[in-house]
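Colleague:
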Amino acid sequence: MSMLDKFRKGAQKAGLQATALVKEGSSRVASGSRDFVQGFTLPGEAEKAAKILESFLANPNHPESALNSIPTAVLQRARGLAVFQVLKAGFMFSGKAGSGLVVARLPDGSWSAPSCIATGGLGWGLQIGADITDFVIVLNSEDAVKAFSIGGNVTIGGNISAAAGPIGTGGSVQATLAHPAPMFSYSKSKGLFAGLSLEGTVLIERKDANRDFYGSPVPARDILGGRVPPPEVASRLYEIIEAAEGLDETGVPQAAYVPSATGQHMDVGSNHMVFDAEAH
Numbered sequence: 021m022s023m024l025d026k027f028r029k030g031a032q033k034a035g036l037q038a039t040a041l042v043k044e045g046s047s048r049v050a051s052g053s054r055d056f057v058q059g060f061t062l063p064g065e066a067e068k069a070a071k072i073l074e075s076f077l078a079n080p081n082h083p084e085s086a087l088n089s090i091p092t093a094v095l096q097r098a099r100g101l102a103v104f105q106v107l108k109a110g111f112m113f114s115g116k117a118g119s120g121l122v123v124a125r126l127p128d129g130s131w132s133a134p135s136c137i138a139t140g141g142l143g144w145g146l147q148i149g150a151d152i153t154d155f156v157i158v159l160n161s162e163d164a165v166k167a168f169s170i171g172g173n174v175t176i177g178g179n180i181s182a183a184a185g186p187i188g189t190g191g192s193v194q195a196t197l198a199h200p201a202p203m204f205s206y207s208k209s210k211g212l213f214a215g216l217s218l219e220g221t222v223l224i225e226r227k228d229a230n231r232d233f234y235g236s237p238v239p240a241r242d243i244l245g246g247r248v249p250p251p252e253v254a255s256r257l258y259e260i261i262e263a264a265e266g267l268d269e270t271g272v273p274q275a276a277y278v279p280s281a282t283g284q285h286m287d288v289g290s291n292h293m294v295f296d297a298e299a300h
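In my numbering, the protein residues as written are 21 to 300.
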């Protein structure tokens with residue numbers, strides 16, 4: 021056998037091994053992502069969402085915290101909120117899986133019962149270890165709420181667009197709200213605003229979790245439309261939203277961090293940066 025034939029044979033063998041490795045790795049990541057999401061229930065999601073949302077909103081006992089939080093004005097005008105957590109892990113092969121819930125504001129100003137959502141995906145790269153990121157999506161329009169209400173999948177940037185939301189207080193926030201994107205997205209990793217894009221992310225309705233909790237296959241449109249009574253397990257979530265909406269910002273300096281055209285946050289009206297998207 022010539023040297024060239026040996027090389028070809030070795031290359032073919034290596035190719036077959038690589039293909040088998042890819043299939044095995046993809047299968048394991050997909051299985052792990054599926055198990056990760058299916059293990060969560062609505063009561064657990066409600067408790068988790070309350071903790072996540074609390075970390076993004078100003079503390080009423082410390083009004084100055086509004087400088088590094090989702091603006092009160094943004095929350096007051098929100099038509100809905102989607103709160104979820106994503107775990108990304110792997111070695112060579114990477115997989116991500118996440119779960120959370122969405123609530124909608126009803127005509128009387130109260131909040132709907134929660135509907136469970138999930139996300140997941142596969143990738144290839146030098147992802148080593150695991151990383152957890154918390155997300156809050158502020159739904160600024162009825163169309164955004166409708167996207168989550170009709171069931172099936174919601175593709176960020178596909179079904180409906182999203183932009184990085186402002187942070188802080190003052191006139192710059194109000195200017196952003198004059199013509200807001202259908203959705204504002206916020207993310208935190210290791211307790212810091214991360215400025216991560218959700219473009220292309222697919223969020224799906226967790227019909228199984230909704231059915232298990234509500235006792236029947238209730239569609240998301242009924243849950244978010246107020247035809248299902250708000251459950252006691254979500255009371256803490258509602259309390260956190262209500263407290264943040266009523267925050268008195270009197271005396272709080274005006275300092276806002278507004279997304280630029282490139283989607284990164286810019287400091288306007290303060291001498292320091294609360295977070296730098298480039299650093300994360």
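Even for Gly, the Cβ is constructed at its ideal location relative to N, Cα and C. Just so it is clear, the structure is predicted and the values come from calculations on it, not from any experiment.
What residue range is occupied by the uninterrupted alpha helix (DSSP H) comprising Asn-230?
Modeller: It spans 227-234 - the alpha helix (DSSP H) in which Asn-230 sits, taken as one unbroken run.
Colleague: Quickly, what does DSSP pair Ser-119 with across the bridge? List them, please.
Modeller: In the DSSP output, where bridge partners are listed per residue, Ser-119 has Gln-105 and Ala-138.
Colleague: Which runs of the beta strand (DSSP E) spanning at least 3 residues fall entirely within the stretch 212-275, listed in chain order?
Modeller: Entirely contained in the stretch 212-275, the beta strand (DSSP E) runs reaching 3 residues are, in chain order, 222-225.
Colleague: Within 8 Å, do at least three Cβ pairs link the stretch 188-196 to the stretch 151-158?
Modeller: Contact fails: fewer than three Cβ-Cβ distances are below 8 Å.
Colleague: Using alpha carbons as the reference points, say which of Arg-125, Cys-136 and Pro-83 lies closest to Gln-105.
Modeller: Looking at the Cα atoms, Cys-136 is the closest of the given residues.
Colleague: Roughly how far, in whole angstroms, is the beta-carbon of Ala-150 from the beta-carbon of Leu-107, given that I think they are within contact range, below 8 Å?
Modeller: Ala-150 to Leu-107, Cβ: 6 Å. Contact.
Colleague: Where do the N-terminal and C-terminal ends of the beta strand (DSSP E) with Ser-209 fall, by residue?
Modeller: Looking at the DSSP string, the run of the beta strand (DSSP E) that includes Ser-209 is 203-209.
Colleague: Just to confirm my understanding: we take Arg-99, look at its own chain, exclude 5 residues before and 5 after, and list those with CB closer than 8 Å. What are they?
Modeller: Same-chain partners within the cutoff: Ala-124, Arg-125, Leu-159, Asn-160, Ser-161, Glu-162, Ala-164 and Val-165.
Colleague: Tell me Thr-61's beta-bridge partners as DSSP assigns them.
Modeller: BP columns for Thr-61 are empty, so no partner.
Colleague: Looking at the structure shown, is Ile-170 part of a helix, part of a strand, or coil, going by DSSP?
Modeller: Coil at Ile-170, not helix or strand.
Colleague: Give a yes or no on whether the C-beta atoms belonging to Thr-153 and Thr-221 are separated by under 8 Å.
Modeller: It is not a contact, given that the beta carbons lie outside the stated cut-off.
Colleague: What is the DSSP secondary structure of Asn-160, counted as helix, strand or coil?
Modeller: DSSP places Asn-160 in coil when its eight states are reduced to three.
Colleague: Determine contact between the stretch 77-91 and the stretch 260-270, defined as no fewer than three beta-carbon pairs at a distance below 8 Å.
Modeller: Yes, they touch.
Colleague: When you compare each of Gly-171, Met-203 and Ala-229 to Ser-217 by their alpha carbons, which one comes out closest?
Modeller: The residue with the shortest Cα to Cα distance from Ser-217 is Met-203.
Colleague: State the Cα-Cα distance for the pair Val-278 and Ala-182, rounded to the nearest angstrom.
Modeller: Taking the straight line from one Cα to the other gives about 14 Å.
Colleague: Is it buried or exposed for Lys-210, if we count other Cβ within 10 angstroms and need 16 for buried?
Modeller: With fewer than 16 other Cβ atoms within 10 Å, it is exposed.
Colleague: To which residues does DSSP link Asp-128 through a beta bridge?
Modeller: According to DSSP, Asp-128 bridges with nothing at all.
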